[in-house]
Each structure stands twice: as C-alpha cells, then as structure tokens.
Amino acid sequence: MGTRAASFAIPTQLCWYLSMQPAPPSTPKGYRALGERELVAYLRSTPAAAILGGDPTSWRVREVGDGNLNLVSIVEGPSCGLAVKQALPYVRLVGESWPLPLDRAHFEQLALREQARHATGRVPRIVHYDEEMALIAMELLSPHIILRRGMIEGIRYPLFAEHIGQFIARTSFYTSDLALSAAVKKTLWTRFAPNTALCKITEDLVFTEPYLEAENNRWTTPQLDSDVLRLRADRPLKIAICELKEIFLCRSQALIHGDLHTGSIMVTVDDTKVIDPEFAFCGPIGFDLGAVIGNLLLNYLSQPGHATAQDPRTDYAEWVLDQLTRVWHEFEHGFRVLWSKEHAGDAFPSTFFASDPEALESAQDRYLRRVFEDALGFAGAKMIRRIVGLAHNIDLEWISSPDTRARCERNGLELGRSLVLERSEFSDIATVAEAAREIASRNPPL
Ligand code: SR1
Ligand code: MG
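Here the sequence shown stands for residues 27 to 472, where the numbers follow our numbering.
1) What three-state label does DSSP hand residue 28 in the structure shown?
2) Excluding the 5 residues preceding and the 5 following residue 434 in the sequence, name in chain order all residues of the same chain whose CB lies nearer than 8 Å to its CB.
3) Check for me: the alpha helix (DSSP H) holding residue 276 runs from which residue to which?
4) Quick one, are the C-beta atoms of residue 173 and residue 183 less than 8 Å apart?
5) Is there at least one non-hydrogen atom of the ligand MG closer than 7 Å to the beta-carbon of residue 314?
6) Is there at least one non-hydrogen atom of the ligand SR1 closer than 7 Å to the beta-carbon of residue 227?
7) Residues in its own chain within less than 7 Å of residue 27 by CB, not counting five upstream and five downstream?
8) Name, in chain order, the residues that DSSP records as bridge partners for residue 107.
9) Taking the C-alpha atoms as reference points, what is the distance between residue 438 and residue 254?
10) Whose C-beta lies closer than 7 Å to the C-beta of residue 405 among residues of the same chain, with five residues either side of it excluded?
11) Residues bridged to residue 309 by DSSP?
12) Would the stretch 347–357 and the stretch 182–201 be scored as touching if the rule is three or more Cβ pairs under 8 Å?
13) Buried or exposed: which applies to residue 429, given that a residue is buried once 16 or more other Cβ atoms fall within 10 Å of its Cβ?
14) By how many angstroms is the C-alpha of residue 57 removed from the C-alpha of residue 233?
15) Tell me the residue span of the alpha helix (DSSP H) that contains residue 428.
16) Within its chain, find whatever has a CB closer than 8 Å to the CB of residue 39; leave out the 5 residues flanking it on each side and keep chain order.
17) Tell me which residues pass a beta-carbon proximity test against the ligand MG: closer than 7 Å to any heavy atom, given in chain order.
18) How many Å lie between residue 361 and residue 275 at the Cα?
19) For residue 54, which residues from the same chain have a beta carbon less than 6 Å from its beta carbon, with the 5 sequence-adjacent residues on both sides left out?
20) Can you say whether residue 93 is buried or exposed, counting buried as having 16 or more other CB atoms within 10 angstroms of its CB?
21) On the criterion of 16 or more Cβ atoms from any shown chain inside 10 Å, does residue 378 qualify as buried, or is it exposed?
22) Could you give the residue range of the beta strand (DSSP E) that holds residue 298?
23) Cβ of residue 117 versus every heavy atom of the ligand SR1: is any distance shorter than 7 Å?
24) Does the beta-carbon of residue 417, which I'm using as the reference point, lie nearer than 7 Å to any heavy atom of the ligand SR1?
25) I'd like the list of long-range same chain contacts for residue 559, defined as Cβ closer than 7 Å, with 5 residues on each side in sequence excluded.
26) Could you check whether the Cβ of residue 477 sits closer than 7 Å to any heavy atom belonging to the ligand SR1?
27) Could you check how far apart the C-beta atoms of residue 153 and residue 77 are, in whole angstroms? I think they sit under 8 Å.
28) For residue 459, which of helix, strand or coil comes out of DSSP?
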C-alpha cells in the first residue's frame, strides 16, 4: 500500500482564512452607541478623517438607518462622503426588550472582505472598522438607491439581474467545496459558525413563527385573519417548511449573504452593490437566490397596488418577472462556467471528470437542480414571512388601501405556498414566472 506524502506548506487560501480574527465578546467594555455629535468626535481620530477632509466642524451628519437592526449615518466632508454603520446591542425594530449581540458587525466586515475578493466592485469598500465599537465606516454609495424603493417607483435597472446573478455565482462558487480544499472550507465555516444570533433570527422569523401564534406576528387584519388561521393549520406546508429549515441549518454549501432581499441591494441604472451581509454564514446556496426571487415575486404581486390611471404598471410588472428569470439564468450559467474552469476543491474531484465531459455536465445539472429547488422553497418561505411575520416589505406596506393590499398579500401567500410545497414540480424558472402571472390574473386586486 502506498503512503501519503505529508504536506506541511500552508496553502495561501488557508492563510487568508486563518488570519480572520475570532468574533469579539458580545458587548466589549468600551462600546457606546454614537449619536450624531459623538460620531464626529469619534471619527476625527480615525483614518476616516483624512478621507472626509477639511475640519470636522464642517462635516454634515444624518442618521438614515431605516433597517431593522442598526444605526446608519451618512457623514459628508468637503472631500468625500462615508456611510457609517454601528450595531446596537438590541433589535432596533423592536427595542431594548430584544437584546442582540454586537458581534454581527464583526461578521459583516468579514463577509464584506470575502465578497470583495470574489465579486470585485459589488460591495462597498471598508474605510475603517472598530471591533470594540461594532462600527464600520464604508464608501458612500451615491447616487445609488435601495433597489426595493426604485422598484416601488417603477424604475428599470437594466444591469441588475446580470450583476446579482454573477455576484451569487462567484461568491458561492469560490467559497464552496468545489473551489476550496476541505481543510480550507472548514476553516471558513469555523470563522462564521459563531454568527448564531443572526441565524437564529432567520430560523425563528422565516421558518417558525409565521406558522404559530407568536407575539411578533402581524398581518393586514381583519382581511387576512382567516388566511392566517389556515396557514397555522396547514399540515403539509408546515412539514415542508420544517424540511427547508433543516436545509438552512445543515447544508453548509458556501459562504452566503444570508439576507439578500431587495433592501440589501443598492442600484443605479448602470451599477449594483450588495450591502448588509451581517447574516452571513456557511449555508445553502439556494438561500440567497431564494431571497432575491421571493422579493422580486412580492414586488411583482404588489404592482397593482402602485398602479395609477396614468401608469397601470402592467409593463413594469412583466419587467420584474423578466428579472427573475434573468437572475436565475445568470447565476446558473456563471456557476457552471466557474465549475468547469476553476474547480480546485475536494467536492466532485476533477479526476472523475477529466476525460468525461458528459459526466461533468450531468453532475452539474444535478447539483444546480438541487440549488434551484432549494431556491424556490426558500423564496416561498420568505414571501410568507413578509406577509404574516414580524418584518414586512414596503412593497406591500406602502399600498394605502388595506383591501387592495390584502388581496396582493393573499396572492403572495398562495404563490409562496406553491413554491414551498411544489418546488420539485417546477421544470424551470419560466414556469415560476408563469405561476405568478396565473395567480395575479386569477385574483386581481380590486
Ligand atoms: C428582527 S430583524 C428582522 C429582519 O430584518 C432583517 O433584514 C432580516 O431579514 C430579519 O429577518
Ligand atoms: Mg439588513
């Protein structure tokens, strides 16, 4: 029997992941939440000061955070602007009664650095990170706006689908066992595994609470009261959701963003940036795709609620469905090309496929089909949680008539249920778009 040669050289990839610092204790001693004036005093002694330029008394600060968790300020100096994000020791949306560890800033900056290596230019550049203050100062994205807001206004972004499909393909491929050796991948996994508090939010808010009588849940009432009771009694749906939750808990395929909804994407007509990866961990690749697909479908179903006599939004709604199919195709094509050209990992060893391209294609088909079904299931779960759970989407919330909103939401619940339960029956992404069209035309809002 041959002996294995021991190799003591540490591969470059492993050096990178080993150099990532472990997460800090949850509330470091020197931490304090910074108001606008304190933020200026703080920034003046950091590398951000030289970037902002001029005298700190001339800097303009605005707190702009409209997310669920953190403080976010825009600081503008004579030379440049910065976005400064600071974690709070609690969930901002709920208040101090829901404590949340500050180490989410640690995972966010680790993920931003990792994503920047694989998807150059698609994430904001970090200018300064302070572990103790749980604070990240980043390049200000301007004139970008949050994609969700642009889509509520009916604005088209011609490059968004290509950019996001490629972003997911590249960040997931290069952090998967297809690109990394098992040792390196496990080191990466270890670095993000302590991000348990943020994963628990997803486990509870996406996969558990919407199906129970839970304090956090809310919905358009009384219009959806009976729908909610039906959901809680829906045995096949609850079993399928438990299966998806298990995939979320166990399938550590790649480093994923973990919260890639349309509020985590900033756009202009020719640029796309992905922000806010504080939920990052090694999880199923389909989860990020599902977040994008589910949020596009919610926006599609909400369009009648934003229609006016001048702008019925019918063409725009079709544009939204087109983006859905393009995101999937960009991802699928991009991932396949990377696998064929850049494979270096321990999964699906190249030696099996070197002289058998047909076998490689078949292995890729099977892998990507599994990602597709996961993505549809997660998309459905994410649609349902945004209608009956704690955190809702402004796509629907901003529909002023409760009756119209409830009808759009009921369509979302029906489509979400179908994606969760029948995910293996959709032959391709076009059939998902067709199902959305069918539901919207069968139950048009008033
Ligand atoms: C309590 S946090 C609620 C939601 O906000 C984030 O964006 C995540 O989607 C989370 O589930
Ligand atoms: Mg966020």
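Ideal placement from N, C-alpha and C gives every residue a C-beta, glycine not left out.
Once the coordinates are examined:
1) With a pLDDT of 46 at residue 28, under the threshold of 50, the modelled position of this residue cannot be trusted; read the value that follows with caution. Residue state, collapsed to three classes: coil.
2) 327, 328, 330, 331, 422, 425 and 471
3) Membership of residue 276 in the alpha helix (DSSP H) is indicated by the continuous run 261–276.
4) Their beta carbons are under 8 Å apart, which means residue 173 touches residue 183 by this criterion.
5) Distances taken from the Cβ of residue 314 to the heavy atoms of the ligand MG include none shorter than 7 Å.
6) yes
7) Caution is warranted here: a pLDDT of 44 is assigned to residue 27, below 50, making its placement in the model unreliable, and no coordinate value can be reported.
8) 102
9) So the alpha carbons of these two residues sit roughly 13 Å apart.
10) 316, 319, 320, 323 and 445
11) 280
12) yes
13) exposed
14) So the two alpha carbons sit approximately 33 Å from each other.
15) 428–447
16) 206, 207 and 210
17) 93, 94, 95, 285, 289, 290, 302 and 304
18) 23 Å
19) 158
20) buried
21) exposed
22) That run of the beta strand (DSSP E) goes 298–300.
23) yes
24) yes
25) Outside the modelled stretch of the chain, which goes from 27 to 472, sits residue 559, for which no answer is possible.
26) In the structure as shown, the chain begins at 27 and stops at 472. Residue 477 is therefore absent and cannot be evaluated.
27) 6 Å
28) Residue 459: helix per DSSP, three-state reduction.
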